[in-house]
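Novice: Quick one: structure below, then a few questions.
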Amino acid sequence: NTTQEEIFLLSQEMKKESENFAKFFKEAKKEKFEIENKFMKNKIFPKKISAKSVRIKKKVSPKKENEIKEEKEKNEIKEEKEENKLTEEKEDQIKEEINEERKPVSKTKKIVKKKRKPITFQGRKK
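So, in C-alpha cells, the structure goes:
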C-alpha cells in the first residue's frame with residue numbers, strides 16, 4: 001500500500017512539474033517572439049534566438065532579495081553623487097569661462113575701431 005501511495009504522490013508531483021515547465025516554455029517562447037519583433041523593427045538580423053537561450057530566472061530567498069535591493073540603492077546613490085559632481089564641475093567651468101570673457105580689456109590691448117569714411121555724393125557735385 002505504501003509503495004502504491006508513494007508512486008501516486010510521485011506521479012502527481014511529476015504532473016505538476018511538467019505543467020510548470022510547459023508554462024515556463026510558453027513564456028520563454030513569448031519572450032523570444034517579442035525579442036525577434038524588436039529586432040525586426042530595428043532591422044537588425046542576428047542569429048536565430050532559441051527559447052533555450054532565454055535565461056531562467058532562479059528563485060531568490062527574501063533575505064538575498066533585500067540585500068540585492070540595498071546594494072542597488074547604494075549603487076544608485078553613488079551614481080547620483082558622481083553625476084552631481086560632474087554637473088557641478090561643468091557649471092564651474094562654464095562660470096570661469098564667462099568670468100574670463102567679462103574681464104576688462106587691459107590698457108595695452110585697446111580695441112581699435114575703424115573710422116567710417118564719409119559718404120560722398122559725386123553725382124550731385126556736378
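Note that UniProt numbering has the sequence shown beginning at 1, numbered continuously upward. Note that the Cβ used here is the ideal one computed from N, Cα and C, for glycine as well.
1) Where residue 9 and residue 23 are concerned, what is the direct C-alpha to C-alpha distance, given to the nearest angstrom?
2) At the level of alpha carbons, what is the spacing between residue 16 and residue 25?
3) Can you tell me which of the three DSSP states residue 120 falls into?
4) According to DSSP, simplified to helix, strand and coil, what is residue 11?
5) Does residue 61 come out as helix, strand or coil in the three-state DSSP assignment?
6) In whole angstroms, what is the alpha-carbon distance linking residue 97 and residue 85?
Specialist: Result, derived from the coordinates:
1) Counting from 1 along the sequence shown, the entry for residue 9 is found at position 9. Counting from 1 along the sequence shown, the entry for residue 23 is found at position 23. Rounded to whole angstroms, residue 9 to residue 23 spans 21 angstroms at the Cα level.
2) Mapped onto the sequence shown, residue 16 falls at position 16. Mapped onto the sequence shown, residue 25 falls at position 25. Near 14 angstroms, if we compare the C-alpha coordinates of residue 25 and residue 16.
3) Counting from 1 along the sequence shown, the entry for residue 120 is found at position 120. Coil.
4) Position 11 of the sequence shown holds residue 11. Reduced to three states, the DSSP call for residue 11 is helix.
5) Here residue 61 refers to the residue found at position 61 of the sequence shown. In the three-state reduction of the DSSP assignment, residue 61 falls in the coil class.
6) Residue mapping note: residue 97 aligns to position 97 of the sequence shown, counting from 1. Residue mapping note: residue 85 aligns to position 85 of the sequence shown, counting from 1. Each residue's Cα considered, the two are about 18 angstroms apart.
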